[in-house]
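Inspection log for the structure reproduced underneath, given as structure tokens.
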Amino acid sequence: MKQPHQTVDNPMRRTFYETVARIPYGKVATYGQIATLAGYPGRARQVGYALAGMSEEWDLPWHRIINAQGKVSPRTGNKFHLFQYELLAGEGIAFVNNSIDLNIYRWDPGETDE
DNA sequence: CGAATGACTCCTT
DNA sequence: CAAGGAGCCATTC
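Per the working numbering, the very first residue in the first sequence carries number 4; after that it's consecutive.
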């Protein structure tokens, strides 16, 4: 089966991690957003793929990454996405029918960030 | 190189 | 608003 056994040697994946780590508290970002900010527009899938290969021990706020629908991505075979909801709620994110208001919580780099 | 896969996104029903 | 189909991209076999 296909396993994301990728290494961090790839500058693309490393850049994704850097971008994710820059997401401020109480804010969220979409995969496409991260990809674009990382300098790889259109690689939204690779962002999710990179996060999938990431260890749970990482300091990255992976829970702040959601899809363009304003919901957490339903990962395959795991219910960790449920845990993501709790983490986001802990950040002060408001949910409406399990969906997040991207118009409010979407990370705006250069304005609200450092 | 071709085929398959996946934490995605957009467009149409 | 929810569901289905097509498009895109990188990595792996």
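Each residue gets a CB set at the ideal place from its N, CA and C atoms; glycine is no exception.
These figures come from a predicted structure and were not determined experimentally.
In terms of Cβ geometry, P27 and W110 form a close pair [threshold 8 Å].
Counting only the Cα atoms, N13 lies some 24 Å from V31. About 5 Å separates the Cβ atoms of G29 and G95, confirming a contact at the 8 Å cut-off. F19 sits buried, since 16 or more C-beta atoms from the chains shown fall within 10 Å of its C-beta.
The C-beta distance from Y34 to G51 rounds to 5 Å, short enough to fall under 8 Å. Taking C-beta atoms as the reference points, I69 and I103 count as a pair closer than 8 Å.
Looking at the DSSP output, I68 sits in a beta bridge with A32.
Here T22 is buried. Its C-beta has 16 or more other C-beta atoms within 10 Å. In the three-state reduction of the DSSP assignment, I37 falls in the helix class, which pools H, G and I. Linking N101 to R17 through their CA atoms gives a straight-line distance of about 30 Å. Looking at the backbone, the Cα of G113 and that of L40 are separated by about 11 Å.
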